[in-house]
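Read top to bottom, the protein sequences are chains A and B. Its first residue numbered 0, the first sequence is counted upward by one per residue in numbering that gives the first Met the number 0. Its first residue numbered 0, the second sequence is counted upward by one per residue in numbering that gives the first Met the number 0. Beta carbons are placed, not taken as given, at the ideal position from N, Cα and C, and that holds for glycine. The structure presented is a predicted model; accordingly, all values stated were derived computationally and were not measured. The next block holds one structure in the form of structure tokens; read it before the comments.
There are 2 protein chains.
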Amino acid sequence: METIRQPDLTRQRILEASFKEIHRHGFQAASIANILADTGLTKGALYHHFPSKKALGLAVVDEMVGVRLNERNIRPLHAAAHPAHTLIELLGDKQHQDEEYIRLGCPLNNLMQEMSPVDEAFRIRLTHILERWQLAFEEALRRSQMAGEVRKEVNCHAAALFIVSAWEGCTGIAKNMQSVDVYRACMSQLQSYVASLLQN
Amino acid sequence: METIRQPDLTRQRILEASFKEIHRHGFQAASIANILADTGLTKGALYHHFPSKKALGLAVVDEMVGVRLNERNIRPLHAAAHPAHTLIELLGDKQHQDEEYIRLGCPLNNLMQEMSPVDEAFRIRLTHILERWQLAFEEALRRSQMAGEVRKEVNCHAAALFIVSAWEGCTGIAKNMQSVDVYRACMSQLQSYVASLLQN
DNA sequence: GACACAACATACCAATCGGTATGTAATCGC
DNA sequence: GCGATTACATACCGATTGGTATGTTGTGTC
């Protein structure tokens, strides 16, 4: 009975199962037992790779939540020729209109709302992710501003903060109403807000 | 040893302690033991007034969260002579800038984010509260629209949805950043959005 | 090939959870 | 005043929680 061992891969499997479990139930209600049942592993494996449930949660924040947000919502802006327009397109992206994603909500927002008042370590890491996101929007607006596409009296920093906030607000409301239509209607209003920052 | 009994009052005390506990830790992580310790009562008392933790939570939603929102964010709009302007003032209300309120977040939003995907009974009641709120904004905008204060091409329904969403988004982000300044900056942007709906 | 260590599995633990069964005292109806 | 019922208090319960101690097996190293 020889069983192959791939520690890096099992670690990743634990992270993915934990991400799913946390996305469904939140961190505090996330059950180690469920994660183990999902992966088919046992406690020995999990506590070999992660010293505690909290450490596992923080790893999920950094290596899953943060990375996914980078790939989906930040990277597209970096290569954009007309960042502000790419931003508006991003707000209407079909990627975010997935049924289950709307039902379960934005993983970043979920964790922020749950953990921020409860655990400082979580809060700080989540804030860092949030700030990277906000900064990406700010730079996108500023680049478009220098290109004359965004009105020059616009406060890009404050606008970026508001866009991130409103985005999370829309996903949160749509999550409660369990409606893709609500999500679209809400994000459409946000799009027109961003459009109001443009020239003409 | 005669102890006076005021069942209505003890029920209210349980509700208030539960509201505090839930506001701090969320519903699922809220501890019955903590609530009892806070009130000085015992399990016998609590389970006499409420059949289960879930029923207690739903009562908190209806009798505490819903009522508070009515008094603070809806009633002020009913008597307003210029509803849209009252709405803008409401967004800058000092009442919502209380330190602890920002640290712990909006009770309605907290519960929506936590409970919507997990429990349908919670979701429905929270949605009702949310819809009443949205409707109050919609009617405020519409009244101002008929008075010629809000531009007539504005979609009041969609705008109200967005205002509620963005508001909750702002409180959520400020809660994570634990900053009254962030809250103010964010709500200020929302104010200017609403202002952009006005005539001229 | 033997030794060392990493990568797991198994079994167990105390603490906490929501909930219940039972007991007791205050209050209300007559 | 007396029985019935309401309003609690006390003690207990099974289930689940995150965590640990110990065992076993694969794997790289010399």
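Anything in chain B within Cβ reach of residue i, meaning under 8 angstroms, just list it in chain order.
{"i": "A158/A", "result": "Q188"}
{"i": "S17/A", "result": "What S17/A touches in chain B: nothing, since even the nearest Cβ is about 17 angstroms away."}
{"i": "S51/A", "result": "Result: empty, since nearest Cβ-Cβ is about 17 angstroms, beyond 8 angstroms."}
{"i": "L129/A", "result": "I172, N175, M176"}
Run through DSSP, which three-state label would residue i get?
{"i": "V149/A", "result": "strand"}
{"i": "L196/A", "result": "coil"}
{"i": "C169/B", "result": "helix"}
{"i": "H156/A", "result": "helix"}
{"i": "D180/A", "result": "helix"}
{"i": "I3/B", "result": "coil"}
{"i": "S187/A", "result": "helix"}
{"i": "P116/B", "result": "coil"}
{"i": "T126/A", "result": "helix"}
{"i": "Q144/A", "result": "helix"}
{"i": "G91/A", "result": "coil"}
{"i": "A58/A", "result": "helix"}
{"i": "D97/B", "result": "coil"}
{"i": "G43/A", "result": "helix"}
{"i": "P50/A", "result": "coil"}
{"i": "G65/A", "result": "helix"}
{"i": "F26/B", "result": "coil"}
{"i": "A139/B", "result": "helix"}
{"i": "A16/A", "result": "helix"}
{"i": "H81/B", "result": "coil"}
{"i": "R10/A", "result": "helix"}
Within 10 angstroms of its Cβ, does residue i collect 16 or more other Cβ (buried), or is it exposed?
{"i": "R4/B", "result": "exposed"}
{"i": "E119/A", "result": "exposed"}
{"i": "M145/A", "result": "exposed"}
{"i": "P106/B", "result": "buried"}
{"i": "E98/A", "result": "exposed"}
{"i": "G43/A", "result": "exposed"}
{"i": "A159/A", "result": "buried"}
{"i": "V66/A", "result": "exposed"}
{"i": "Q94/A", "result": "exposed"}
{"i": "G56/A", "result": "buried"}
{"i": "S143/A", "result": "buried"}
{"i": "G147/B", "result": "exposed"}
{"i": "A29/B", "result": "buried"}
Residue i versus chain B: which residues are under 9 angstroms apart at the beta carbon?
{"i": "A174/A", "result": "Before going further, note that residue 174/A is Lys rather than Ala in the sequence given. Going along chain B in sequence order, the residues near K174/A (Cβ under 9 angstroms) are M111, Q112, S115, P116."}
{"i": "G168/A", "result": "N108, F161, V163, S164, A165, W166, E167, G168, C169, T170, G171, I172"}
{"i": "G25/A", "result": "G25, Q27, A28, Q112, E113, V117"}
{"i": "L57/A", "result": "Chain B residues near L57/A: none, gap ~15 angstroms exceeds 9 angstroms."}
What residues of chain B sit near residue i, judged by a beta carbon separation below 7 angstroms?
{"i": "K163/A", "result": "Here the sequence assigns Val to residue 163/A, which means Lys is not the residue at that position. Those within 7 angstroms of V163/A in chain B are I172."}
{"i": "Y192/A", "result": "Y192"}
{"i": "A184/A", "result": "A157, L160"}
Pick from the options: whose alpha carbon is nearest that of residue i?
{"i": "H48/A", "options": "G168/A, V153/A, L129/A, T9/A", "result": "T9/A"}
{"i": "A54/B", "options": "R124/B, H24/B, R183/B, E152/B", "result": "R124/B"}
{"i": "S164/B", "options": "K174/A, C155/A, A158/A", "result": "K174/A"}
{"i": "H81/B", "options": "F18/B, D37/B, A139/B, Q177/B", "result": "A139/B"}
{"i": "D61/A", "options": "C155/A, R131/A, L189/A, T85/A", "result": "R131/A"}
{"i": "S64/B", "options": "S17/B, I162/B, V149/B", "result": "One point to set straight first is that residue 64/B is Val, not Ser, in the sequence displayed. Of the candidates S17/B, I162/B, V149/B, the one whose C-alpha sits nearest the C-alpha of V64/B is S17/B."}
{"i": "E129/A", "options": "L197/B, S115/B, R102/B, G171/B", "result": "Note that residue 129/A corresponds to Leu in the displayed sequence, not to Glu. Comparing Cα positions, the closest option is G171/B."}
{"i": "Q198/B", "options": "R183/B, L189/B, W166/B, R150/B", "result": "R150/B"}
{"i": "S115/B", "options": "Y182/A, A32/A, M176/A, A79/A", "result": "M176/A"}
{"i": "M111/A", "options": "N69/A, L40/A, A58/A, F26/A", "result": "F26/A"}
{"i": "S178/A", "options": "N154/A, A58/A, I101/A, V193/A", "result": "I101/A"}
{"i": "N108/A", "options": "C169/A, K52/A, I87/A", "result": "C169/A"}
{"i": "L189/A", "options": "H127/A, L86/A, L14/A, E113/A", "result": "L86/A"}
{"i": "A36/A", "options": "K19/A, A135/A, R71/A", "result": "K19/A"}
{"i": "P50/A", "options": "L68/A, T38/A, V153/A, I31/A", "result": "I31/A"}
{"i": "I21/B", "options": "D7/B, G39/B, T41/B, K52/B", "result": "K52/B"}
{"i": "S191/A", "options": "H156/A, Q133/A, L89/A", "result": "L89/A"}
{"i": "T38/B", "options": "E15/B, F161/B, R74/B, V59/B", "result": "E15/B"}
{"i": "D180/A", "options": "G91/A, T126/A, Q133/A", "result": "G91/A"}
{"i": "H24/B", "options": "A135/B, S195/B, E113/B", "result": "E113/B"}
{"i": "A157/B", "options": "A135/A, T126/A, R12/A, R183/A", "result": "R183/A"}
Using a C-beta to C-beta distance shorter than 7 angstroms, which residues of chain A count as neighbours of residue i?
{"i": "Q198/B", "result": "Result: empty, since nearest Cβ-Cβ is about 16 angstroms, beyond 7 angstroms."}
{"i": "L134/B", "result": "Here the premise fails: no neighbours, minimum Cβ distance about 14 angstroms."}
What residues of chain A sit near residue i, judged by a beta carbon separation below 8 angstroms?
{"i": "V181/B", "result": "L160"}
At a cut-off of 6 angstroms, is residue i close to the ligand COA when judged by its beta-carbon and the heavy atoms of the ligand?
{"i": "T170/B", "result": "Although the ligand COA was asked about, the structure shown includes no ligands whatsoever."}
task = May I ask you to list, following chain order, the residues of the segment 138-154 of chain B that have a beta carbon less than 9 angstroms from some beta carbon of chain A?
result = Within the segment 138-154 of chain B, the residues whose Cβ lies closer than 9 angstroms to some Cβ of chain A are N154, listed in chain order.
inquiry  = Give me the subset of the segment 95-126 of chain A whose CB atoms are less than 8 angstroms from a CB atom of chain B, sorted by chain position.
reply    = Result list: R102, L103, G104, N108, N109, M111, Q112, E113, S115, P116, V117, R122, L125, T126.
query = What are the residues of the segment 59-81 of chain A that lie near chain B, defined by any Cβ-Cβ distance shorter than 7 angstroms?
reply = Per Cβ criterion, the list is empty.
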